[in-house]
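Just below is one structure, and these are the notes that go with it.
Protein chains: 4
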Amino acid sequence: MSPKSEEQFEEIRQSKTKLIKATALELFALSGYENTSISKIAKEASISKGLLYNYFDSKEELLKEIIFEQLDLMLELFDPNKDGVLESDELKFFIRESFSMVKKNPEFWRLYFMLLFQPNVMKLVEKRIMEIAEPLLQNTTDYFRRQGYEKPEVWTRYVGALLDGVSMNYIADPNNFPIDDIENIVINQFCNTSKNTEK
Amino acid sequence: MSPKSEEQFEEIRQSKTKLIKATALELFALSGYENTSISKIAKEASISKGLLYNYFDSKEELLKEIIFEQLDLMLELFDPNKDGVLESDELKFFIRESFSMVKKNPEFWRLYFMLLFQPNVMKLVEKRIMEIAEPLLQNTTDYFRRQGYEKPEVWTRYVGALLDGVSMNYIADPNNFPIDDIENIVINQFCNTSKNTEK
Amino acid sequence: MSPKSEEQFEEIRQSKTKLIKATALELFALSGYENTSISKIAKEASISKGLLYNYFDSKEELLKEIIFEQLDLMLELFDPNKDGVLESDELKFFIRESFSMVKKNPEFWRLYFMLLFQPNVMKLVEKRIMEIAEPLLQNTTDYFRRQGYEKPEVWTRYVGALLDGVSMNYIADPNNFPIDDIENIVINQFCNTSKNTEK
Amino acid sequence: MSPKSEEQFEEIRQSKTKLIKATALELFALSGYENTSISKIAKEASISKGLLYNYFDSKEELLKEIIFEQLDLMLELFDPNKDGVLESDELKFFIRESFSMVKKNPEFWRLYFMLLFQPNVMKLVEKRIMEIAEPLLQNTTDYFRRQGYEKPEVWTRYVGALLDGVSMNYIADPNNFPIDDIENIVINQFCNTSKNTEK
DNA sequence: GATGAATGAGCTTTCATTCAT
DNA sequence: TATGAATGAAAGCTCATTCAT
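Chains as they are written, first to last, in our numbering: chain Y, 16 to 214; chain P, 16 to 214; chain G, 16 to 214; chain W, 16 to 214.
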């Protein structure tokens with residue numbers, strides 16, 4: 016009965032949604048959430064402001080969808096250790112994956128770190144992040160305990176902070192920061208059961 | 016009514032300037048630069064908007080002065096290694112000082128990290144930061160070279176990233192993050208000439 | 016797919032038009048004309064916005080058609096006194112009909128009163144209303160004159176105002192307003208040739 | 016210390032507030048609340064939109080203040096029957112005052128009636144209105160009971176509806192509606208203890 | 001030095017309407 | 001007939017900044 020099929024509409028909707036999210040992420044990452052106006056996003060995406068509001072209820076909702084989409088990808092990625100026991104190979108995998116994510120999608124992570132320090136905004140996504148991070152942190156602590164570390168929970172936070180700091184520095188200066196070298200150092204330091212400390 | 020002496024005016028000027036900067040820092044750190052209006056700062060400091068503009072040319076100028084003031088304090092602090100050769104004791108001092116600064120003034124560092132990811136804003140202060148960091152980075156690299164590390168410049172960035180990450184995590188969660196334990200680990204790891212690797 | 020006959024189309028047209036008008040009336044009465052969007056009407060009627068515009072040229076046109084339809088029904092209803100002489104039974108009939116209309120279709124009358132006070136909107140329908148009301152008013156004045164009232168035209172406006180006020184109050188509070196009691200009082204007061212004044 | 020005295024500021028504030036409220040009332044009454052934009056009010060009052068928001072938190076707040084101000088005046092006016100017993104002279108006074116109010120400030124009452132039918136808006140002021148009306152209604156019912164009316168509470172609502180209807184018709188057509196004649200009829204009908212029914 | 005009334009550009013959001021299919 | 005993606009003007013509102021006093 017309808018001359019444009021439901022699939023056609025769905026395709027249009029998907030491609031526009033994707034376009035808007037990509038454009039918004041780019042601009043948010045470039046100038047910050049507050050400094051990026053809806054007008055700018057619409058103009059950059061070559062659509063009208065009104066259309067953007069056909070797809071997203073508000074600017075904040077747009078931000079949330081961008082973040083949740085990425086977090087959900089992470090959730091899938093980090094899920095596999097079903098048994099709850101983290102082996103050194105798995106830790107290595109997670110570390111490599113973390114670096115890989117940042118290298119593949121630095122724009123998102125720039126946005127992520129920007130928001131990390133804006134308390135009001137972060138409240139929105141905090142819960143989802145904890146769902147991802149909590150079990151991983153627990154397993155990592157168990158790993159360090161099994162490896163004979165004293166204060167294993169401190170080492171878990173140490174590694175977390177280290178990964179955050181490396182990501183941050185890579186994002187701030189992707190061309191010069193020696194992320195691959197550092198990745199190897201970290202792997203060697205924490206996932207090497209023979210425990211030679213590299214210098 | 017009573018004529019004020021030049022010193023009295025100067026005193027007023029200084030105390031008001033200080034008040035405004037302190038209030039602004041607090042609010043910027045709490046809600047972010049964009050979400051903090053001049054009106055709110057003025058109200059919180061119990062002065063008029065007009066007066067604020069007597070002391071600071073613009074909102075951006077106010078931000079810059081807050082940041083530059085803190086950076087200048089850092090510059091003083093990190094200056095002393097005049098000879099340009101960093102000993103392990105000095106590195107230990109710098110690391111301890113870095114942690115100390117964050118613990119003493121988390122509000123500033125929250126603001127700092129917030130801005131770190133807003134390229135346009137950061138351009139404003141980048142130069143000054145480099146003036147501080149550059150020689151220190153150079154000396155640290157030399158230190159690692161002398162200690163026999165391969166790729167000493169990588170290790171310099173590693174330490175920088177580690178300190179950034181630790182600061183970040185402390186700011187995000189000051190009550191639970193075990194910053195003192197981690198401080199000792201870092202010191203032990205990099206400033207201990209006997210080179211026992213702590214676990 | 017299957018070709019529809021002209022009658023089928025006509026049937027569809029009529030039922031859709033009716034559906035749209037009924038839905039719009041309900042929403043206009045509930046939230047006001049300005050606060051009811053075309054989107055909401057379309058959604059509530061389970062049709063597309065585009066279809067609505069196939070049937071009505073504009074939102075204003077839709078409003079006008081809703082009002083004119085009802086006014087035309089009134090016109091039919093109040094027409095019968097062809098001879099132009101209003102007897103007390105006929106006045107009684109008109110009064111009872113007036114109350115009946117309000118009780119049967121309070122939504123329409125809520126909308127009607129809402130619009131009554133918006134001059135620009137009312138201009139649109141004023142003429143048609145006058146076509147209905149004018150002869151009735153004239154006849155009522157004659158009726159009062161024959162009944163021996165001084166200033167009969169004043170009493171005509173008095174009765175008009177009374178009916179308006181009663182309708183208004185009923186619409187505002189249909190559950191508590193004693194419309195039937197008041198109806199009897201009014202009838203008794205003006206259509207009773209024996210002139211006992213009820214208390 | 017401040018070169019413009021507090022009184023000067025206060026005077027400015029008062030006169031601007033008054034100007035804005037008067038302008039807004041005029042436009043609201045002319046075109047309706049929804050059809051009157053803040054821009055239009057500001058332009059008509061020859062001020063900037065921003066200034067309007069210095070004095071009123073929102074468009075809705077502006078509306079409320081206009082209404083509450085008038086309602087408070089009414090509250091004062093209708094308060095005096097402290098003993099709670101309504102004499103026929105007092106009822107006469109109230110009726111005359113009601114008509115007087117409408118004649119003096121038809122714009123406000125046009126706005127009032129407009130809003131009366133917009134449920135969402137009316138919620139805002141309903142409570143305050145009831146505070147005014149409730150005791151008066153109660154006393155009027157007692158009055159009718161003492162006068163020997165059957166169903167006195169019905170007559171109270173009858174009178175209320177009559178006054179509403181008269182006001183409404185006067186507002187809709189102030190030049191032709193014979194409000195003074197009708198006023199006398201109403202007074203004669205309800206406040207005349209000798210009970211001659213005027214025709 | 002100090003005040004706060006005043007401005008106006010720009011923000012997010014809504015919505016009647018159009019149009020390709 | 002029927003769809004809903006798309007538009008753009010205009011709405012309510014915010015806020016850095018100015019200025020007369």
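Glycine is no exception: its CB is placed at the ideal position from the N, C-alpha and C atoms.
Residue i touches chain W at which residues, Cβ-Cβ below 8 Å?
i: Met129/G; result: Met129, Phe132 and Gln133
i: Ala187/G; result: Leu131 and Phe132
For residue i, name the three-state secondary structure that DSSP assigns.
i: Glu25/W; result: helix
i: Gly175/W; result: helix
i: Tyr164/Y; result: coil
i: Asp94/W; result: coil
i: Gln133/P; result: coil
i: Glu213/G; result: Only weak support is given to the placement of Glu213/G: the predicted model assigns it a pLDDT of 49, under 50, and the value that follows is read from those uncertain coordinates. It is coil, neither helix nor strand.
i: Phe123/G; result: helix
i: Phe205/W; result: helix
i: Ser17/Y; result: Bear in mind that a pLDDT of 49 at Ser17/Y, under 50, signals an unreliable position, so the number given afterwards is only what the model happens to contain. Reduced to three states, the DSSP call for Ser17/Y is coil.
i: Pro150/Y; result: helix
i: Leu101/G; result: coil
i: Thr51/P; result: coil
i: Asp157/W; result: helix
i: Ser61/Y; result: coil
i: Arg111/Y; result: helix
i: Ser182/P; result: helix
i: Asn199/W; result: helix
i: Asp87/W; result: helix
i: Phe192/P; result: coil
i: Ser73/W; result: coil
Below 9 Å on C-beta distance, what does residue i contact in chain W?
i: Gly175/G; result: Gly180 and Asn184
Given that residue i touches chain P, what residues does it touch there, using C-beta distances under 7 Å?
i: Ile82/Y; result: By Cβ distance, chain P contributes nothing, its closest Cβ being about 15 Å from Ile82/Y, past 7 Å.
Which residues of chain Y have a Cβ atom closer than 9 Å to the Cβ of residue i, listed in chain order?
i: Phe192/P; result: Arg172 and Ala176
Taking C-beta pairs closer than 7 Å, name the residues in chain Y that residue i reaches, listed in chain order.
i: Ile200/P; result: Tyr173
Would you mind telling me which residues of chain Y sit closer than 8 Å to residue i, beta carbon to beta carbon, in chain order?
i: Ile197/P; result: Val169, Arg172, Tyr173 and Ala176
Examine the ligand NAP and report whether any of its heavy atoms sits within less than 7 Å of the Cβ of residue i.
i: Asp179/W; result: As for the ligand NAP, it is missing from this structure, which has no ligand bound.
If we count Cβ pairs, one from each stretch, closer than 8 Å, do we get three or more for the stretch 198–208 of chain W versus the stretch 109–125 of chain W? Remark: three or more beta-carbon pairs, one from each stretch, lie closer than 8 Å, so the stretch 198–208 of chain W and the stretch 109–125 of chain W are flagged as touching.
By the 8 Å beta-carbon criterion, what residues does the stretch 97–125 of chain W contribute toward chain G? Taking 8 Å as the upper bound on Cβ-Cβ separation, chain G lies near residues Arg125 of the stretch 97–125 of chain W.
What residues in the stretch 32–57 of chain G bring their beta carbon closer than 9 Å to a beta carbon of chain W? The stretch 32–57 of chain G vs chain W, Cβ under 9 Å: Ala44, Leu45, Ser46, Gly47, Tyr48, Glu49 and Asn50.
So does the stretch 115–122 of chain G actually touch the stretch 177–194 of chain G, counting three or more Cβ pairs closer than 8 Å? A contact exists between the stretch 115–122 of chain G and the stretch 177–194 of chain G.
Pairs of beta-carbons, one from the stretch 65–81 of chain Y and one from the stretch 144–155 of chain P, closer than 8 Å: are there three or more? In this structure the stretch 65–81 of chain Y does not touch the stretch 144–155 of chain P; the number of beta carbon pairs closer than 8 Å is below three.
Against chain G, which members of the stretch 156–175 of chain W pass a CB distance test of less than 7 Å? Listed by position along the chain: Gly163, Tyr164, Glu165, Lys166, Val169, Arg172, Tyr173 and Gly175.
Check whether the stretch 188–202 of chain P touches the stretch 19–27 of chain G, taking contact to mean three or more Cβ pairs, one atom from each stretch, closer than 8 Å. No contact exists between the stretch 188–202 of chain P and the stretch 19–27 of chain G.
When Cβ atoms are compared, which residues of the stretch 140–153 of chain G fall closer than 9 Å to chain W? If the cut-off is 9 Å between Cβ atoms, the stretch 140–153 of chain G has nothing near chain W.
Answer yes if the stretch 122–129 of chain Y comes into contact with the stretch 34–46 of chain Y, meaning at least three C-beta pairs across the two stretches below 8 Å, and no otherwise. Look at the beta carbons and you see the stretch 34–46 of chain Y touching the stretch 122–129 of chain Y: at least three pairs across the two are nearer than 8 Å.
At a cut of 8 Å, does the stretch 138–150 of chain G reach the stretch 134–146 of chain W through at least three beta carbon pairs? Below 8 Å, too few C-beta pairs join the stretch 138–150 of chain G and the stretch 134–146 of chain W to call them touching: fewer than three.
I want to know whether the stretch 69–82 of chain G touches the stretch 69–89 of chain W - three or more CB-CB distances under 8 Å. Output reads no: the stretch 69–89 of chain W does not touch the stretch 69–82 of chain G.
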